[in-house]
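Protein chains: 2
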Amino acid sequence: MTTTVIIGGVAGGMSTAARLRRRDEDMEIIVFEASENVSFANCGLPYYVSRTIESRDALLLQTPASLKARLNLDVFVSHRVTAIDPAAKNVTVRNEVTGEERTRDYDFLVLSPGATPFLPPIPGIERALTLRTVEDVDVISEAVRADGVASAAIIGGGFIGLELAENLHKMGIATTIVERSPQILAPLDEEMAVLVQDRLEAAGVKVLTRADTKKISDSSLEVVLDDGSSVTVDADIVVAAIGVRPASELAKAAGLAVGERGGIKVDRAQRTSNPAIFALGDAAEKVDAVSGEDSLVPLAQTANRHGRMVADIITGRDCQAQLTLGTAIVGVLGLAAGSVGWNERRARAAGKNIRVIHVHPVNHAGYYPGATQLHLKLVVDAKTDAILGAQAVGENGVDKRIDVIATAMRAGLKGSDLADLELAYAPQFGSAKDPINFLGFVDDNALNGEELVQWHQLEDLVARDNTVLIDVRSAGEYARGDIPGSINVDVDELRDWLNDGGRQQLEGKDVIVHCQVGLRGHIAAAILAGYGIKAANLTGGYLTWAAGMRARKP
Amino acid sequence: MTTTVIIGGVAGGMSTAARLRRRDEDMEIIVFEASENVSFANCGLPYYVSRTIESRDALLLQTPASLKARLNLDVFVSHRVTAIDPAAKNVTVRNEVTGEERTRDYDFLVLSPGATPFLPPIPGIERALTLRTVEDVDVISEAVRADGVASAAIIGGGFIGLELAENLHKMGIATTIVERSPQILAPLDEEMAVLVQDRLEAAGVKVLTRADTKKISDSSLEVVLDDGSSVTVDADIVVAAIGVRPASELAKAAGLAVGERGGIKVDRAQRTSNPAIFALGDAAEKVDAVSGEDSLVPLAQTANRHGRMVADIITGRDCQAQLTLGTAIVGVLGLAAGSVGWNERRARAAGKNIRVIHVHPVNHAGYYPGATQLHLKLVVDAKTDAILGAQAVGENGVDKRIDVIATAMRAGLKGSDLADLELAYAPQFGSAKDPINFLGFVDDNALNGEELVQWHQLEDLVARDNTVLIDVRSAGEYARGDIPGSINVDVDELRDWLNDGGRQQLEGKDVIVHCQVGLRGHIAAAILAGYGIKAANLTGGYLTWAAGMRARKP
Chain V
1 MTTTVIIGGV AGGMSTAARL RRRDEDMEII VFEASENVSF ANCGLPYYVS RTIESRDALL
61 LQTPASLKAR LNLDVFVSHR VTAIDPAAKN VTVRNEVTGE ERTRDYDFLV LSPGATPFLP
121 PIPGIERALT LRTVEDVDVI SEAVRADGVA SAAIIGGGFI GLELAENLHK MGIATTIVER
181 SPQILAPLDE EMAVLVQDRL EAAGVKVLTR ADTKKISDSS LEVVLDDGSS VTVDADIVVA
241 AIGVRPASEL AKAAGLAVGE RGGIKVDRAQ RTSNPAIFAL GDAAEKVDAV SGEDSLVPLA
301 QTANRHGRMV ADIITGRDCQ AQLTLGTAIV GVLGLAAGSV GWNERRARAA GKNIRVIHVH
361 PVNHAGYYPG ATQLHLKLVV DAKTDAILGA QAVGENGVDK RIDVIATAMR AGLKGSDLAD
421 LELAYAPQFG SAKDPINFLG FVDDNALNGE ELVQWHQLED LVARDNTVLI DVRSAGEYAR
481 GDIPGSINVD VDELRDWLND GGRQQLEGKD VIVHCQVGLR GHIAAAILAG YGIKAANLTG
541 GYLTWAAGMR ARKP
Chain D
1 MTTTVIIGGV AGGMSTAARL RRRDEDMEII VFEASENVSF ANCGLPYYVS RTIESRDALL
61 LQTPASLKAR LNLDVFVSHR VTAIDPAAKN VTVRNEVTGE ERTRDYDFLV LSPGATPFLP
121 PIPGIERALT LRTVEDVDVI SEAVRADGVA SAAIIGGGFI GLELAENLHK MGIATTIVER
181 SPQILAPLDE EMAVLVQDRL EAAGVKVLTR ADTKKISDSS LEVVLDDGSS VTVDADIVVA
241 AIGVRPASEL AKAAGLAVGE RGGIKVDRAQ RTSNPAIFAL GDAAEKVDAV SGEDSLVPLA
301 QTANRHGRMV ADIITGRDCQ AQLTLGTAIV GVLGLAAGSV GWNERRARAA GKNIRVIHVH
361 PVNHAGYYPG ATQLHLKLVV DAKTDAILGA QAVGENGVDK RIDVIATAMR AGLKGSDLAD
421 LELAYAPQFG SAKDPINFLG FVDDNALNGE ELVQWHQLED LVARDNTVLI DVRSAGEYAR
481 GDIPGSINVD VDELRDWLND GGRQQLEGKD VIVHCQVGLR GHIAAAILAG YGIKAANLTG
541 GYLTWAAGMR ARKP
């Protein structure tokens, strides 16, 4: 009889185990999980803190008993594997309750131990709670309900930090997010992330960016901002949600290859440097779909998909892991923020020649009640038009647009192909021209010669003597806020203005147009082209520019 | 100067006009619209009847004046083109207000006159209202608010019929849908459409299928059911929403080629048989993406996309229309029903060798509050695994899944590729294994040998002496409703049962397993395979079977 031992009984490990059984009724399948629970709803933990998820049982999707009954799996919780002997093909496992140790032989070994929260070496860090397991959420749940708890500081403005902030805020706890980098939500670019920060701040959650936590005291944090000033943040509770590190120590100790970023090295079949040992989930390296390079992407759904595949391979099927897009989403205070692939920051840092598009349409037909604004960003290769990545922020429809683009990326569609996707339209669900189509329209226009300017390029461009920046919004919009250096000519009066001497005024100049979101700017650029004047359009318009300015304000 | 004349100023025509101007500042662009409004929100009309869309102005997206100011278009409403002279390259147009006629020369002519509601030759049909224009909605709005109006009959259970039913029902009007065919919502298969019918009936909307309207009287309809019985339907208001016919008379009279179904024939550049004349929108034929055959697909978003393309071609760009998937969605009483590509009925009628998959997962993580059930159906080519079509019904997340599959179809992904799409997951938005992934898992398993049985094949199969149908749900589920001829063995007790003599009982038999939705059935089939017993699984389980039975009940 073949024996497969699986280390880790959550997303990746449990997917492997369940699929193995469905593929092989006779295999011995043993799962060792170091924590007290298997198959728990990792991504639901923050919502149990505030009891948005009311029942703790709802987090526990399976138990060793239910897994035995249905799938004949031998699942051991509170069992920590302490050593792997690849030569002898066995593992040493310790019962965390009794302290008892034993070895267990395997034919195949699957490593899915996950990751551990990163704790920076700050004085007082021992006060910081982390959130990774059901045990962790029990600790946090009790801590936030203790007498006199009125404030919380969350170190780290990533997905889990934001989810926790929402839940603590919902409980009436004064919450501050302390983020060391210039923005929250690293997968997004700054002018997109600031839209989420706006929402947090509007709700009363404090957000400090470029903020370095120097010390954790009894009921506060000492934080230094990048101007050198110090801030004291009230913090009856401190949670560290800075990120995770792959739990690869065991693999390393067993002599398995580990990558530069600390993830267990695997091939496209999730095989480690030892052919009988597989690794997957947060502990293993992934291959980035855009660059083909190794990366770490600690996401549950990737772990689940890879688990299924590892089971297929162990049971004799020949298959390969898909490259990883890093598709992700987070909900915060009624807003959703999603991303797939690379952002602009990463693409520029890698020296890629890119085209970047911002649009801000409503999520469904504007004439139907309840439409809300979407903010979409697309990054494509300037020459090949390959989609490198996308981001979306909005109250509704973010997940749909990210999923459509993730599907398009997987299938190799180009940016301009988005123009002609045939998406479902009824007034409650979309528009005759879906926001996705709009991204494609703008990309198609740019691919065919329309010049786009980015919000972060504007200051330099406008500073040049030869540049004219025309704001083609209405006089009323202009009065409510304008970009320094712009002149105002309403798009509906642009032809008259050009005929009335404006044309001469623009001769020999570098002309940039902008409106509120980009559409009227596009029309204005087309009108100007008809007058022989080449004009660039500020993509995303005033809205994106203003967001960028907020993101960069000191 | 080049002149383009456009007949029809709604979706297709107005998209053409706007794009033409953005591509050519100098072209003369003339739009003749027979109704009193251009660029109105066609798909919003049903919602104005109940004032869900409160303001009539919200339906009127543009006016001739606004289009003149921004795009320098010459738009004439209440102007009906009465003749085209392709040799002289002119049209004759009548001002519907003054009765005045004139001719107008063109270099390019674009036909986007839309379609006209079909009115069957029934006695009293002159009482039936239709819904296509703003004028129509004004008439219906007034009619439903007249004193003493308490009941309405809608002839036709398609998209517009259902949307109207929702809105009339919302106003407290006793509403009956009278549909001649065996089911409402022709794009769906019967067992999917019945889920929508369930919702209508639960809300108190009457639905008569296989119901032929024989006569419309003063305040009722006389309807004959397929058992020959007659029913009188109260109908202070009668609306005919049976479907539309392409408005191709003008094209036909001008000698342009018209297809068998009455649509104007066009090539992949939307060119009619006359190279200076283009046609698009509901009046023109489309090319079906699955079969490559001519079809009629009267959908706003196709018209919009083709409008953009026609403008590109007229202004010198070389491009081709994408094949049409017919992606569509409708919202009814909190439920959404969507489809893309072909349904099972159509595929079987065309003699295709298909594989059909039903799944019924929740729209997002079940542990997060508010998850609702989705019903998804996938039709793939049994051999090539090409996706032929998909359907979805549910309260939430229907549009997203249909759009993802529409994107996958456009890009040529296979059914089993859906297993590995990397979609955005957070508990409010999806699951670590998204419903789309589930479709792919089931397809992948079936592609690799797992046999699936369809609900409509079950009766014949069970009638055979040699078949054993095992319901692997719990005893409690079985007691609440079972499939005739099934025996009950809980999946969690299946191994014991097999070891206890069950194995011998099944030897040499054709075994079919089923559960509630298909997942436990899949596990049971895997267990049986381990015991050397090949078993087929009822896809979609009891839920799909029961829906099919409801759909077919006399």
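Taken in order, these protein sequences are the chains called V and D. The first sequence begins at 1 in UniProt numbering and counts up by one. The second sequence begins at 1 in UniProt numbering and counts up by one. By construction, the Cβ of each residue, glycine as well, lies at the ideal position given by its N, Cα and C atoms. Small disclaimer: the values here were computed from a predicted structure and weren't measured.
(1) Within 8 Å of any Cβ in chain V, is that where the Cβ of residue 404(D) sits?
(2) Counting only beta-carbon atoms, is residue 378(D) nearer than 8 Å to chain V?
(3) Give the list of continuous alpha helix (DSSP H) stretches no shorter than 4 residues that lie fully inside the region 222-309 of chain D.
(4) Look at the Cβ atom of residue 131(V), then the Cβ atom of residue 164(V), and state whether they are nearer than 8 Å.
(5) Interface residues of chain V around residue 527(D) at Cβ under 7 Å?
(6) At the level of alpha carbons, what is the spacing between residue 379(V) and residue 255(D)?
(7) Let me know the secondary structure DSSP gives residue 637(V) once reduced to three states.
(8) Give the C-beta separation of residue 513(D) and residue 524(D) to the nearest angstrom, bearing in mind that I take them to be a contact with Cβ-Cβ under 8 Å.
(9) Give me the Cα-Cα distance between residue 166(D) and residue 174(D), rounded to the nearest whole angstrom.
(10) By DSSP, does residue 431(V) sit in helix, in strand, or in coil?
(11) Is the beta carbon of residue 315(V) closer than 8 Å to that of residue 105(V)?
(12) Counting only Cβ-Cβ distances shorter than 9 Å, please list the residues of the region 420-431 of chain V near chain D, keeping chain order.
(13) Just the chain D side, please: which residues come within less than 8 Å of residue 47(V) by C-beta, in chain order?
(14) On the CB-based measure, 16 or more other CB atoms within 10 Å of its CB, does residue 484(D) come out buried or exposed?
(15) Compare the beta carbon distance of residue 444(V) and residue 426(V) with 8 Å and say whether it is the shorter of the two.
(16) Which chain V residues sit within Cβ distance under 8 Å of residue 498(D)?
(17) Hey, out of 73(D), 236(D), 383(D), 67(D), whose CA is closest to residue 448(D)'s CA?
(18) Is residue 305(D) close to chain V? Criterion is C-beta to C-beta, closer than 8 Å.
(19) Under 7 Å between beta-carbons, which chain V residues line up against residue 70(D)? List them in chain order, please.
(20) Let's test the definition: count the other Cβ atoms within 10 Å of the Cβ of residue 288(V) and tell me whether it reaches 16, buried, or not, exposed.
(21) Establish whether the CB of residue 388(D) and some CB of chain V are separated by less than 8 Å.
(22) Please tell me whether residue 124(V) and residue 30(V) are closer than 8 Å, where the distance is taken between their beta carbons.
(23) Cβ of residue 387(V) within 8 Å of Cβ of residue 415(V)?
(24) Does residue 59(D) have its Cβ less than 8 Å from a Cβ in chain V?
(25) Name, please, each residue of chain D whose Cβ falls closer than 8 Å to the Cβ of residue 324(V).
(26) If you run the structure through DSSP and keep just helix, strand and coil, what is residue 190(V)?
(27) From the DSSP output, which residues share a beta bridge with residue 391(V)?
(28) Counting only Cβ pairs nearer than 7 Å, list the residues of chain V close to residue 330(D).
(29) Of all Cβ atoms in chain V, is any one closer than 8 Å to the Cβ of residue 413(D)?
(30) For residue 429(V) and residue 313(D), which I take to be in contact (beta-carbon distance under 8 Å), what is that distance rounded to the nearest angstrom?
(31) Below 8 Å on the Cβ atoms is my guess for residue 196(D) versus residue 332(D); work out the distance and round it to an integer in Å.
(32) So residue 469(D) is in the beta strand (DSSP E); what residue range does that whole segment cover?
(33) Have a look at residue 280(D) and residue 317(V) and give me their C-alpha separation to the nearest angstrom.
(34) Output, in chain order, the set of chain V residues within a Cβ distance shorter than 8 Å of residue 63(D).
(35) With distances taken between CB atoms, is the gap from residue 253(D) to residue 265(D) smaller than 8 Å?
(36) Within the continuous beta strand (DSSP E) that includes residue 28(D), where are the two ends?
For this structure:
(1) Output row for residue 404(D): interface = yes.
(2) So no, residue 378(D) is outside the interface.
(3) Those alpha helix (DSSP H) runs which fall completely within the region 222-309 of chain D and span 4+ residues are 249-253.
(4) In this structure, residue 164(V) lies closer than 8 Å to residue 131(V) by Cβ.
(5) Within 7 Å Cβ-Cβ: 25.
(6) If you take the alpha carbons of residue 379(V) and residue 255(D), they lie about 48 Å apart.
(7) Given a span of 1 to 554 for chain V in the structure shown, any question on residue 637(V) remains unanswerable.
(8) That belief holds up - the Cβ atoms of residue 513(D) and residue 524(D) are roughly 4 Å apart, short of 8 Å.
(9) Residue 166(D) and residue 174(D): Cα-Cα distance of roughly 11 Å.
(10) Of the three classes helix, strand and coil, the one that applies to residue 431(V) here is coil, per DSSP.
(11) Their beta carbons are not under 8 Å apart, which means residue 105(V) does not touch residue 315(V) by this criterion.
(12) Against chain D - using a Cβ distance shorter than 9 Å - the residues of the region 420-431 of chain V are 420, 421, 422, 423, 424, 425, 426, 427, 428, 429, 430, 431.
(13) Contact annotation for residue 47(V) against chain D: 368, 427 [CB-CB distance below 8 Å, chain order].
(14) With fewer than 16 Cβ atoms within 10 Å of its Cβ, residue 484(D) is classed as exposed.
(15) No, the pair does not count as a contact, with Cβ atoms beyond the cut-off.
(16) Here the premise fails: no neighbours, minimum Cβ distance about 10 Å.
(17) If we check each option's Cα against that of residue 448(D), 383(D) comes out closest.
(18) Interface residue, yes.
(19) Neighbours of residue 70(D) in chain V, taken as residues whose beta carbon is under 7 Å from its own, are 491, 492, 523 in chain order.
(20) By the neighbour-count rule (16 or more Cβ atoms within 10 Å), residue 288(V) is buried.
(21) No, no contact with chain V.
(22) Their beta carbons are not under 8 Å apart, which means residue 124(V) does not touch residue 30(V) by this criterion.
(23) Against a cut-off of 8 Å, the Cβ pair of residue 415(V) and residue 387(V) comes out as a contact.
(24) It does: the Cβ of residue 59(D) has a partner Cβ on chain V nearer than 8 Å.
(25) 422, listed in chain order.
(26) Residue state for residue 190(V) is assigned as helix, using DSSP reduced to three classes.
(27) Checking the DSSP bridge columns, you'll see residue 391(V) partnered with 339(V), 377(V).
(28) Those within 7 Å of residue 330(D) in chain V are 426.
(29) Contact of residue 413(D) with chain V is assigned, a C-beta pair being separated by under 8 Å.
(30) About 30 Å separates the two Cβ atoms, so there is no contact after all.
(31) Going by Cβ atoms, the distance from residue 196(D) to residue 332(D) rounds to 6 Å, so yes, they are a contact pair.
(32) Residues 467-471.
(33) It is roughly 49 Å from the alpha-carbon of residue 280(D) to the alpha-carbon of residue 317(V).
(34) Here the premise fails: no neighbours, minimum Cβ distance about 13 Å.
(35) At the C-beta level, residue 253(D) and residue 265(D) stay beyond 8 Å of one another.
(36) For residue 28(D), the enclosing beta strand (DSSP E) covers residues 28-32.
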